[in-house]
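Working notes, structure below.
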Amino acid sequence: MSEDHTHVQEFFGIRAAGWDSRFPDDGPAYAAAVAELGLREGDRVLDAGCGTGRALTPLRAAVGASGVVVGADLTPEMLQAAVRAGRDRDGRLLLADVSALPLRSASLDAVFAAGLIAHLPRPDENLRELRRVTRPGGTLALFHPIGRAALAARQGRQITPDDLRAEPNLGPLLAGSGWRMTSYVDEDSRFLALAVRVD
Ligand SMILES: C[S@@+](CC[C@H](N)C(=O)[O-])C[C@H]1O[C@@H](n2cnc3c(N)ncnc32)[C@H](O)[C@@H]1O
1 MSEDHTHVQE FFGIRAAGWD SRFPDDGPAY AAAVAELGLR EGDRVLDAGC
51 GTGRALTPLR AAVGASGVVV GADLTPEMLQ AAVRAGRDRD GRLLLADVSA
101 LPLRSASLDA VFAAGLIAHL PRPDENLREL RRVTRPGGTL ALFHPIGRAA
151 LAARQGRQIT PDDLRAEPNL GPLLAGSGWR MTSYVDEDSR FLALAVRVD
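Below you can see the structure in the form of structure tokens.
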């Protein structure tokens, strides 16, 4: 277990039980973001860093009973909270690190990742791993239910120009990891960057 893992697990482990009640009104924002992935009946989708599984219900609704929904997270307490909330009915939960996913190459149509990228110690490598499990032409959504400025204010900090999710940084980061950014929105009510796997 690396130091990075331990830090993430400690940070989110103590927050897991109260996670959903802290952000009770985010549901519609998740549903709207999932809608922009363009999923179809029968598609296969991963929620990377799924936490308590807040995206799993809209993802299941988008792919239907014939689709495949997988939620992967590194923090056991987050997955336990997902089970308590009954979200394991909407998707298969995996205790896994996005740096080495136990999934076959090109086995997915899309990856949804909410609030994940800022916590990755090696985002370029990790985005490359997300690309590996996605089929050519498949899509990636990097989402947060509030924008960068609103999140920074909530956390009592300023956004700096080196912020990974700033548009001038994120586009090249995605391009270097085998993704092409196709849209970028950063407003108070949400952050959503969409990308397509390129070959
Ligand atoms: C800010 S929370 C967001 C959780 C959920 N996606 C949501 O929107 O409510 C970030 C989540 O990413 C997970 N995480 C961080 N690094 C990870 C990694 N390398 N592999 C898998 N999950 C990771 C954490 O355990 C945590 O549950």
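If you use our numbering, the sequence shown corresponds to residues 1 to 199, in order.
For glycine and all other residues, C-beta sits at the position ideal for the given N, C-alpha and C.
The structure presented is a predicted model; accordingly, all values stated were derived computationally and were not measured.
8 Å Cβ cutoff met for residue i and residue j
i	j	result
V111	L140	yes
R60	S107	no
D274	G91	The first residue shown for the chain is 1 and the last is 199, placing residue 274 beyond what the model contains.
L174	F143	no
A29	R154	no
D97	L39	no
L93	G67	no
G200	T75	Outside the modelled stretch of the chain, which goes from 1 to 199, sits residue 200, for which no answer is possible.
D4	P145	no
M78	T52	yes
Whole-number beta carbon distance between residue j and residue i, since they are thought to touch under 8 Å
i	j	result
V83	A55	That pair is no contact at about 15 Å.
C50	D73	5 Å
V133	S99	Their Cβ separation, rounded to whole angstroms, is 12 Å, which puts V133 and S99 out of contact at 8 Å.
V198	G178	6 Å
A81	A17	6 Å
E41	V63	7 Å
L194	S183	5 Å
Buried or exposed (CB count within 10 angstroms, at least 16 for buried), residue i
i	result
L95	exposed
H7	exposed
I117	buried
G86	exposed
P102	exposed
A113	buried
G137	exposed
E10	exposed
R131	buried
E129	buried
Residue-chain proximity (residue i, chain D), Cβ-Cβ < 8 Å
i	result
T6	No chain D appears in the structure shown, which is made up of a single protein chain.
Residue i beta carbon near ligand 3 (any heavy atom closer than 7 Å)
i	result
G49	By its list of ligands, the structure shown excludes ligand 3, since it contains just ligand 1.
On the three-pair Cβ rule with 8 Å, is the segment 147-157 touching the segment 119-133? Contact between the segment 147-157 and the segment 119-133 is absent, with fewer than three C-beta pairs closer than 8 Å.
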